[in-house]
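Worksheet for the structure shown next.
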């Protein structure tokens with residue numbers, strides 16, 4: 002089927018749901034009604050599925066260009082890494098520098114292991130460190146998923162750009178199998194690990210990659226792809242429901258909870274890529290959700306610091322009546338924190354992040370020998 006490499010508006014709304022789920026998980030008590038669903042796992046896994054789908058699709062189209070002798074492997078791999086770096090590195094390292102500066106110069110102590118073990122954070126290996134310590138009180142603990150994503154961005158392009166297009170679905174299926182089998186081994190080993198290594202997350206990326214192939218190089222029709230996503234939704238629900246009812250430490254939950262969330266997520270990612278109609282379409286076409294999705298990276302990296310560091314410092318200098326009002330109830334405090342977070346993430350996007358993302362035009366996926374290449378897949382919609 003042919004779907005142009007373009008901006009999927011509704012996927013931005015899914016990013017909004019993902020980041021809001023993570024914020025809810027961290028800002029409310031784990032046993033509160035709003036966290037009856039595993040919001041943290043849902044948000045992070047949805048991000049992984051979106052990345053697996055969008056990144057794999059970009060790379061599969063790039064592989065087609067390589068096979069057509071339109072561009073070289075070196076050009077495609079370089080442009081992919083540079084574009085990812087321009088999107089991710091500035092804010093990531095900006096946050097780390099800001100945390101260091103606040104501690105060093107403003108003497109604001111932030112609860113994080115970054116000061117004692119900076120290399121894990123600086124080189125995107127923090128997921129392994131957090132898995133070994135289990136220190137979820139670290140205010141930078143959400144950075145573990147950014148480490149997983151960056152490791153995926155380095156290795157996955159090498160595989161997809163080097164293997165022939167006809168073998169791509171087998172690689173994606175292998176990623177799913179490796180993710181599941183590795184968690185089976187983890188569950189049986191009873192090490193106490195939270196499964197934060199990239200290998201334990203591969204099934205989410207792999208599911209996204211399978212559907213990226215269906216969108217890019219398969220001869221499936223739109224109707225066929227939609228049917229497959231609905232079948233995956235049913236499988237996901239059949240696994241997710243018992244995971245919610247069973248002991249969280251049981252082997253079944255450890256193995257299948259993430260997979261079930263990834264399967265359900267893929268249904269929505271697929272539908273958003275094709276364009277949901279009806280009630281889902283109206284929700285996902287919301288300008289508010291689309292905007293939240295656009296600034297979701299900033300929301301994600303800042304959200305732990307807002308209620309624990311920034312807002313308390315701000316209220317310390319506010320008039321007593323205002324400070325007392327904002328802290329008078331959880332609802333008011335959380336609402337104030339969210340507004341503060343939205344403002345900060347918006348400023349970060351327009352004044353900082355966008356300056357770097359605008360540079361991606363110099364590393365355009367469509368560029369080859371000075372000419373623009375069509376970024377559509379090779380097989381037309383039937």
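Numbering (the working numbering), first residue to last: 2 to 383.
Cβ coordinates follow ideal geometry from the N, Cα and C atoms, glycine included.
At the level of alpha carbons, what is the spacing between residue 147 and residue 348? 21 Å
Taking the alpha-carbon positions, what's the residue 92 to residue 354 distance? Going from the Cα of residue 92 to the Cα of residue 354 covers about 7 Å.
Is residue 157 helix, strand or coil by DSSP? Residue 157: helix per DSSP, three-state reduction.
Pick out whichever of 330, 304, 136, 259 has its Cα sitting closest to the Cα of residue 38. 259
Reducing DSSP to helix, strand and coil, say where residue 213 ends up. helix
How long is the line joining the alpha carbons of residue 85 and residue 280, rounded to whole angstroms? 33 Å
Report yes or no: do the region 238 to 247 and the region 212 to 226 share at least 3 C-beta pairs separated by less than 8 Å? no
Alpha helix (DSSP H) runs contained entirely in the region 213 to 282, provided each spans 4 or more residues: Runs found: 223 to 246, 252 to 275.
Cβ pair count under 8 Å reaching 3, the region 326 to 341 against the region 54 to 68: no
Does the beta-carbon of residue 11 have 16 or more other beta-carbons within 10 angstroms, so that it is buried, or is it exposed? buried
Excluding the 5 residues preceding and the 5 following residue 42 in the sequence, name in chain order all residues of the same chain whose CB lies nearer than 7 Å to its CB. 258, 259, 262
To the nearest angstrom, how far is it from the Cα of residue 19 to the Cα of residue 324? 31 Å
Whole angstroms is fine: what's the gap from residue 308's alpha carbon to residue 28's? Cα-Cα distance, rounded: 8 Å.
Could you tell me the distance, in whole angstroms, from the CA atom of residue 155 to the CA atom of residue 82? 7 Å
Under three-state DSSP, which class holds residue 371? For residue 371, the predicted structure reports a pLDDT of 38, less than 50, and the residue's modelled location is therefore unreliable. The matter cannot be settled from this model.
Residue 182 versus residue 198 - alpha carbon distance: Between the C-alpha atoms of residue 182 and residue 198 there is a straight-line separation of about 13 Å.
Option in 87, 172, 228, 163 with minimal Cα separation from residue 203: When only C-alpha atoms are compared, the closest one is 172.
When you compare only the Cα positions, how much space is there between residue 117 and residue 90? It is roughly 21 Å from the alpha-carbon of residue 117 to the alpha-carbon of residue 90.
Mind checking residue 165: buried by the 16 CB within 10 Å criterion, or exposed? exposed
Would you mind stating whether residue 52 and residue 209 have Cβ atoms separated by less than 8 Å? Yes. Within cutoff.
Can you find the residues in the same chain that come closer than 6 Å, C-beta to C-beta, to residue 301, ignoring five residues on each side of it along the sequence? 20
What's the gap between the Cα of residue 150 and the Cα of residue 49? Here the C-alpha atom of residue 150 lies approximately 7 Å from the C-alpha atom of residue 49.
Beta carbon of residue 268 nearer than 8 Å to that of residue 239: No, the Cβ-Cβ distance between residue 268 and residue 239 is not below 8 Å.
Between residue 273 and residue 285, which are expected to be in contact by the criterion C-beta below 8 Å, what is the C-beta distance as a whole number of angstroms? 6 Å
Do you know whose CA, among 206, 47, 72, lies nearest residue 23's CA? 47
Mapping the DSSP letters down to three states, classify residue 305 as helix, strand or coil. coil
Flag this pair as yes or no: are the beta carbons of residue 123 and residue 305 separated by less than 8 Å? Judged by their CB atoms, residue 123 and residue 305 are not nearer to each other than the 8 Å cut-off.
Classify residue 14 as buried or exposed, calling it buried when 16 or more other Cβ atoms lie within 10 Å of its own Cβ. buried
What number of angstroms, rounded off, separates the C-alpha of residue 174 from the C-alpha of residue 329? 52 Å
Can you give the Cα-Cα distance for residue 299 and residue 342, rounded to whole angstroms? Answer to the nearest angstrom: the Cα atoms are 9 Å apart.
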